[in-house]
Structures are given as structure tokens and as C-alpha cells.
Amino acid sequence: DFLLEKRLLIQAAYRQFTQQSPTTVPPPVLLVQIDEKSIQAAKIVDPKPMDRKYLASLVDKLSAINAKVVGIDYLLDRPHHKNDAILAKSLQKSILRQPDSTWFVFASVRDYTGGWLTVLPEIASPNWSLQGSINLSRGYMGLVSPEKSAKLPFSYLLALGYQLNGMAFDPPQPPLKRGEQDKLKVNTPRLREAGGEEIRAYPSSIELEFSLLPQFSSKIEFLSQIDRYLKQDKGQDYRHLFSSRAQLQPITSFSYDLGQMWLHPIIDFSIPPQQVYQSIPAWKLLESSANSPQLNHIQQQVVMIAPGGYGEAGIFEEGQDNFPVPAAINYWFKQANPPVKHRRFTGGKTHAYMIHHYLNRRLVVPIPDLWMIGVAVLLGKSIAIMMKPRQQRVQLRTLLGGTVVYGLISLQVYSSGAILLPLVFPSLTILIYFLPLLLRKKTYA
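Residue numbers for the sequence shown, in our numbering: 34 to 478.
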């Protein structure tokens with residue numbers, strides 16, 4: 034992990050030097066961070082668990098400005114008194130805003146017994162929402178298991194929502210006949226919420242058959258609806274919608290038993306954060322108007338409500354959601370004007386990077402050190418056999434030059450082909466073969 038982090042640092046510097054940083058405007062993720070200032074402004078005494086009423090206010094705000102896909106990076110598995118009903122009401126209200134309803138993705142996590150902790154059914158139903166795993170393997174992507182019963186990564190479902198909303202909210206609508214228009218008017222139910230506000234819920238038989246929208250009255254799971262929609266209308270599988278590298282490969286699964294991560298894609302922290310996510314404190318979101326510059330692109334972004342670095346953030350332990358800043362990210366922070374000084378890198382930002390990688394279909398696959406060491410052994414031994422004692426000086430220069438060239442090729446292959454070739458151990462392996470030759474040279478001298 035230490036070598037991987039330093040390699041990503043070098044890769045970040047190489048990106049900047051060669052100006053190969055990808056540009057995404059706007060970044061695909063808007064990170065709504067509940068930070069210490071937000072907690073103080075809302076007068077929240079204990080942020081663990083997070084106040085459901087406060088989450089409801091954020092949902093209401095995002096719904097009002099037509100956020101299309103919202104992920105809640107908080108585990109809502111335990112009752113929180115009457116505030117659960119307040120949050121549930123806000124979610125339902127957003128779902129019923131057809132055809133401008135919001136997709137919601139909730140966090141779930143595997144507990145110490147191997148079971149799953151999920152959102153309370155009193156808060157959200159799987160019939161109109163999605164639930165994904167927020168379990169993180171530091172520095173590595175979440176992958177889609179070949180087992181259909183396995184939960185999908187939280188970030189994958191958010192990317193899925195982002196991708197499908199290109200189909201769902203701008204569907205090719207055939208013109209309705211006069212009778213169908215009358216039927217649409219007659220059969221459109223109205224649900225009255227507290228305060229007298231009416232919300233119209235469109236019938237699925239006419240309008241929603243041409244699009245994919247969460248429906249409060251659905252009797253089957255929303256993920257099953259997505260599966261059917263993609264297979265029947267698009268001929269696709271939601272588990273294979275992005276890069277094939279997002280799938281858990283048999284050799285990778287086998288390597289887990291050996292304590293290895295063979296060919297498991299990594300999170301590419303060498304990409305500048307501003308190309309991945311845009312962040313806004315929760316308190317500022319609540320105070321912002323709909324035409325605020327920071328919210329101009331919200332309909333083209335996945336929105337994630339996540340902890341913003343406060344000390345109590347975590348599932349099983351306080352601070353569990355706060356990680357050291359990766360070296361490559363810290364490099365980009367220092368390049369900012371003015372430099373950014375962050376001591377923590379949150380789980381929400383990690384999920385944002387994974388969403389970015391899924392959507393761009395660019396997952397970096399590391400070639401295992403052990404494999405490249407094997408290649409280096411064969412190459413080093415072959416070169417050592419062919420070397421003649423009196424040509425060692427020339428061949429040693431060639432070897433050192435070749436090592437430098439290999440390093441540059443490795444950096445470019447990473448940028449162009451999303452393949453990480455290890456540098457340190459293969460280079461050391463070849464050089465080790467030449468130590469005896471250097472000693473032999475002194476003997477001849």
C-alpha cells in the first residue's frame with residue numbers, strides 16, 4: 034500500500050507535467066458535506082446517529098431544485114423516534130413529484146456477523162429506492178460480484194442512476210391520442226400532504242411505460258424494475274453497464290485467499306479532485322437559492338449527502354469515515370491556489386472517485402508485483418548470461434538507461450491504457466543480477 038500510494042503520487046506529478054489530466058465540466062458528483070459548522074448551525078447535540086430531521090431538510094432542498102439522483106451515505110438502520118416519519122415523508126414527497134421524481138440510493142453495510150444492516154423499511158422501501166454497500170477496501174474499487182444475490186457497491190448504484198437518467202428523464206415520448214390524454218387527466222390521482230399542498234402522481238399505464246421512474250405504489254423492487262427495463266428495452270444487463278473491469282474476476286477472487294489483490298482495480302487518486310467532485314457544506318446548501326452558481330449543474334450531477342470530516346463520523350467506531358489524505362490528493366491540494374489544507378479524506382470523497390471511474394469506464398488494473406518479478410528474473414538472467422566481462426561498462430549504462438525508459442513507459446501506459454506496471458521490485462530484481470558482475474569487474478581490474 035505504501036508503494037502504491039507513492040506510485041500514484043508520481044503519476045499525479047506526471048499527469049501535471051504532461052498535461053494529461055482529464056477534464057470533466059461539471060464534475061459528475063456534487064458532495065453535500067455535513068461538516069462541523071453544519072452541525073453547529075443546526076444545533077445538533079449528538080451527530081451519531083445523524084438527525085433524521087436534518088437529513089429531511091436536505092432532501093427537501095435537493096428535491097426543490099430538481100436533483101435527479103441522490104445518495105445518502107448514512108446508515109439508517111436504527112429507529113430515531115418521530116424524526117424517522119419526517120424523513121420518510123420528505124422522501125415520499127420527492128418520489129411523488131412525477132415526472133421530476135428523485136432517485137434515492139441508501140447505504141448498507143455488512144456487519145461483523147456477515148449479515149447486512151440496511152435502511153429501515155419505515156423510512157424507505159426497496160420498491161422505489163436502491164441500497165448499496167458502503168464497505169470500502171482502502172485504495173481499491175468496489176466490484177460487481179458474479180453472484181446475483183450479492184449487493185452492488187453504493188457508488189456503482191449511484192453511477193447506474195446517473196447513467197439511466199439520461200434515458201429516464203428524456204425518453205422518446207410518442208404522442209398521446211385524444212382518448213389517452215383524457216384518460217391521463219381523469220386518472221391522475223392527487224395526494225394531499227400536510228399544509229394543503231397537492232402532489233400529482235401520474236399513472237404508470239400511460240406515461241411511465243416509456244421511461245424509468247421510481248413509483249411509490251410499486252409492488253416489486255426498483256432494482257428488478259431496472260433489470261427488466263434494461264433487458265427488454267435496451268438488451269443490456271445493469272451489472273455489465275460499465276467497464277468489464279468493474280466485474281469481480283475469478284483470478285482476483287482466488288487471490289483473496291492468498292492475501293493478495295491480483296488485478297483488482299485501484300482508485301485513481303492521481304486525477305485532480307476538482308475533476309471528480311464539487312463539494313458544498315450542508316449549511317450552505319440550505320441557505321443557497323436555486324440559481325446559486327454552485328448549483329447550476331445539479332441536474333447533471335449525482336448528489337451525495339455524506340459526513341464532512343467531523344470526529345464522530347463512522348459506522349462501528351467514531352472517526353471510521355475519516356482517512357489520511359492520500360499522497361496524490363495532497364499533491365493536488367498543494368497545487369491549488371490558495372493551497373488546500375485538509376487532514377482528512379472522507380469516505381464520501383472515496384465514493385465520488387469510484388463514481389467517476391465507473392462513469393468514465395476507466396478502471397486502472399495493477400499488474401501484480403510477483404508476476405513482474407518473475408518476468409524480471411528471466412530477463413535479468415538472460416542479459417547476465419549474454420554479457421561479456423569487458424563490455425560491462427557499456428552494458429551497465431544500457432541497463433540503467435533501459436530502467437529509466439521502462440519507468441517512463443510505465444507512467445504513460447498508466448495514463449493511456451489504465452494499466453499499472455510496477456516499477457520498484459522488477460527494477461531491483463534486474464539490478465540485483467548485475468551486482469555479482471560489478472564485483473567481477475573489480476577482480477578483472
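Virtual Cβ for every residue (Gly too), placed ideally from N, Cα, C.
Original post:
DSSP three-state call for methionine 515: helix, strand or coil?
Top reply: With the chain covering 34 to 478 only, the question about residue 515 has no answer from this structure.
**OP:** Give the DSSP-derived three-state secondary structure of phenylalanine 202 in the structure shown.
**Re:** Here residue 202 refers to the residue found at position 169 when the sequence shown is read from its first residue. Low confidence applies to phenylalanine 202: its pLDDT is 47, below 50, so where it sits in the model is not reliable, and the reading given next is rough at best. For phenylalanine 202, the secondary structure class from DSSP, reduced to helix, strand or coil, is coil.
**OP:** Would you grab the beta carbon distance between leucine 63 and isoleucine 313 for me? Rounded to a whole angstrom, and I think it's under 8 Å.
**Re:** On the sequence shown, residue 63 is found 30 positions in, with the first residue counted as 1. On the sequence shown, residue 313 is found 280 positions in, with the first residue counted as 1. Yes, they are in contact, since the Cβ atoms of leucine 63 and isoleucine 313 sit about 7 Å apart, within 8 Å.
Subject >> Contact check, phenylalanine 139 vs valine 103, beta carbons under 7 Å >> reply: Reading the sequence shown from its first residue, position 106 is the one you call residue 139. Reading the sequence shown from its first residue, position 70 is the one you call residue 103. Taking 7 Å as the cut-off, the Cβ atoms of phenylalanine 139 and valine 103 do not count as close.
Original post:
To the nearest angstrom, how far is it from the Cα of asparagine 370 to the Cα of proline 305?
Top reply: For the purposes of this step, residue 370 is taken as the residue at position 337 of the sequence shown. For the purposes of this step, residue 305 is taken as the residue at position 272 of the sequence shown. C-alpha separation (whole angstroms): 13 Å.
Original post:
Since aspartate 106 and methionine 387 are thought to touch, with beta carbons under 8 Å apart, how far apart are those beta carbons, to the nearest angstrom?
Top reply: Counting from 1 along the sequence shown, the entry for residue 106 is found at position 73. Counting from 1 along the sequence shown, the entry for residue 387 is found at position 354. Wrong, their Cβ atoms sit about 12 Å apart, outside the cutoff.
**OP:** With distances taken Cα to Cα, identify the nearest neighbour of tryptophan 316 among Gln66, Ser257 and Leu37.
**Re:** Residue 316 sits at position 283 when you count from the first residue of the sequence shown. Per the Cα distances, Gln66.
Original post:
Between alanine 451 and valine 410, is the Cβ-Cβ spacing less than 7 Å?
Top reply: To locate residue 451, count along the sequence shown from 1; it is residue 418. To locate residue 410, count along the sequence shown from 1; it is residue 377. No.
Subject >> beta strand (DSSP E) segments (min. 3 residues) lying fully within the segment 272-347 >> reply: 310-314 and 335-340
Original post:
Among Tyr189, Leu461 and Ser277, which residue has its Cα nearest to the Cα of leucine 169?
Top reply: Translated into the one-based positions of the sequence shown, residue 169 becomes position 136. Of the candidates Tyr189, Leu461 and Ser277, the one whose C-alpha sits nearest the C-alpha of leucine 169 is Tyr189.
Subject >> C-alpha gap between alanine 74 and lysine 115, whole angstroms >> reply: Here the question's residue 74 lines up with position 41 in the sequence shown. Here the question's residue 115 lines up with position 82 in the sequence shown. Going from the Cα of alanine 74 to the Cα of lysine 115 covers about 21 Å.
Original post:
Which one or two residues does DSSP pair with lysine 264 in a beta bridge?
Top reply: On the sequence shown, residue 264 is found 231 positions in, with the first residue counted as 1. Answer is none; lysine 264 lacks a bridge partner.
Original post:
Sorted by chain position, which residues of the same chain lie with C-beta nearer than 7 Å to proline 82's C-beta, five sequence neighbours on each side aside?
Top reply: Within the sequence shown, residue 82 is the residue found at index 49, counting from 1. Excluding sequence neighbours, proline 82 sits near Arg111 and His113.
Original post:
Roughly how many angstroms separate the alpha carbons of tyrosine 145 and phenylalanine 349, rounded to a whole number?
Top reply: Numbered from 1 along the sequence shown, position 112 holds the residue referred to as residue 145. Numbered from 1 along the sequence shown, position 316 holds the residue referred to as residue 349. When rounded, the distance between both Cα atoms is 10 Å.
**OP:** Please name the residue in Pro340, Gln368, Ala118 and Ser415 whose C-alpha comes closest to that of glycine 381.
**Re:** On the sequence shown, position 348 is the one that residue 381 refers to. When only C-alpha atoms are compared, the closest one is Pro340.
Original post:
Looking only at C-alpha atoms, which of Ile418, Lys122 and Ala361 sits nearest to isoleucine 43?
Top reply: Walking along the sequence shown from the start, residue 43 turns up at place 10. Looking at the Cα atoms, Ala361 is the closest of the given residues.
Original post:
What is the rounded straight-line gap between the Cα of glycine 344 and the Cα of proline 80?
Top reply: To locate residue 344, count along the sequence shown from 1; it is residue 311. To locate residue 80, count along the sequence shown from 1; it is residue 47. Looking at the two C-alpha atoms, the distance is approximately 10 Å.
Original post:
What residues in its chain sit with their C-beta under 7 Å from that of alanine 100, if we drop five residues either side in the sequence?
Top reply: For the purposes of this step, residue 100 is taken as the residue at position 67 of the sequence shown. The residues are Thr135, Ile331 and Val336.
Original post:
Could you give the residue range of the alpha helix (DSSP H) that holds glutamine 52?
Top reply: Counting from one through the sequence shown, the residue named residue 52 turns up at place 19. Neither: glutamine 52 is in no alpha helix (DSSP H) and is coded neither H nor E.
Original post:
Can you check whether the CB of threonine 431 is closer than 7 Å to the CB of serine 460?
Top reply: Here the question's residue 460 lines up with position 427 in the sequence shown. Here the question's residue 431 lines up with position 398 in the sequence shown. No, they are not a contact pair.
Subject >> Exposure of threonine 51, with buried meaning 16 or more beta-carbon neighbours within 10 Å >> reply: Translated into the one-based positions of the sequence shown, residue 51 becomes position 18. Its Cβ having fewer than 16 others within 10 Å, threonine 51 is exposed.
Original post:
When the Cα atoms are used, what is the spatial distance from histidine 297 to leucine 454?
Top reply: Stepping through the sequence shown from its first residue, residue 297 is reached at position 264. Stepping through the sequence shown from its first residue, residue 454 is reached at position 421. The straight-line gap from Cα to Cα measures roughly 13 Å.
Original post:
Tell me, which residues are paired with lysine 115 by DSSP?
Top reply: For the purposes of this step, residue 115 is taken as residue 82 along the sequence shown, with counting starting at 1. Bridge partners of lysine 115: His113.
Original post:
With C-beta atoms as the reference, is alanine 89 less than 7 Å away from leucine 120?
Top reply: Numbered from its first residue, the sequence shown carries residue 89 at position 56. Numbered from its first residue, the sequence shown carries residue 120 at position 87. Taking 7 Å as the Cβ cut-off, alanine 89 and leucine 120 qualify as a contacting pair.
Subject >> Collapsed DSSP secondary structure at alanine 409 in the structure displayed >> reply: Position 376 of the sequence shown, counted from the start, is the residue given in the question as residue 409. Reduced to three states, the DSSP call for alanine 409 is helix.
Original post:
Expressed to the nearest angstrom, what Euclidean distance is found between the alpha-carbon atoms of serine 325 and tryptophan 365?
Top reply: Indexing the sequence shown from 1 puts residue 325 at position 292. Indexing the sequence shown from 1 puts residue 365 at position 332. About 26 Å.
**OP:** With DSSP as the reference, label proline 236 as helix, strand or coil.
**Re:** To locate residue 236, count along the sequence shown from 1; it is residue 203. Reliability of the predicted coordinates at proline 236 is poor, the pLDDT of 35 falling under 50, and no value is obtained from them.
Subject >> Sequence-distant residues of the same chain with beta carbon closer than 6 Å to arginine 377, five excluded per side >> reply: Here residue 377 refers to the residue found at position 344 of the sequence shown. Excluding residues within five positions, the ones whose Cβ falls inside 6 Å are Gly342 and Asn355.
Subject >> Where proline 253 falls: helix, strand or coil (DSSP) >> reply: Along the sequence shown, read from residue 1 onward, the residue named residue 253 stands at position 220. Per the sequence presented here, residue 253 reads as isoleucine, with proline not at that position. Isoleucine 253 falls in the coil class under three-state DSSP.
Original post:
Could you give the distance in angstroms between the alpha-carbon of serine 322 and the alpha-carbon of leucine 328?
Top reply: Within the sequence shown, residue 322 is the residue found at index 289, counting from 1. Within the sequence shown, residue 328 is the residue found at index 295, counting from 1. Using only the alpha carbons, I get a separation of about 8 Å.
Original post:
Which residues in the same chain as proline 61 place their Cβ atom closer than 7 Å to its Cβ, once the five residues preceding and following it in sequence are excluded?
Top reply: The residue given as residue 61 occupies position 28 in the sequence shown. Hits under 7 Å: Tyr195, Gln334, Val335, Ile388, His389 and Leu392.
Subject >> Alpha-carbon to alpha-carbon, lysine 267 and isoleucine 442 >> reply: Numbered from 1 along the sequence shown, position 409 holds the residue referred to as residue 442. Numbered from 1 along the sequence shown, position 234 holds the residue referred to as residue 267. Taking the straight line from one Cα to the other gives about 39 Å.
Subject >> Any non-hydrogen atom of the ligand SAH closer than 6 Å to leucine 461 Cβ >> reply: For the ligand SAH, the structure offers nothing, since it holds no ligand at all.
Subject >> Environment of valine 142 [buried if 16+ CB atoms lie within 10 Å] >> reply: Counting from one through the sequence shown, the residue named residue 142 turns up at place 109. Of the other Cβ atoms in all chains shown, 16 or more fall within 10 Å of the Cβ of valine 142; this residue is therefore buried.
Original post:
Can you list, in chain order, the residues of its chain whose CB lies under 6 Å from that of glutamine 368, leaving out five sequence neighbours each side?
Top reply: Working through the sequence shown from its first residue, we reach residue 368 at position 335. No residues qualify anywhere along the chain.
Subject >> Which of helix, strand or coil DSSP assigns to glycine 147 >> reply: In the sequence shown, residue 147 corresponds to position 114, counting from 1. In this structure, glycine 147 counts as coil in the three-state DSSP scheme.
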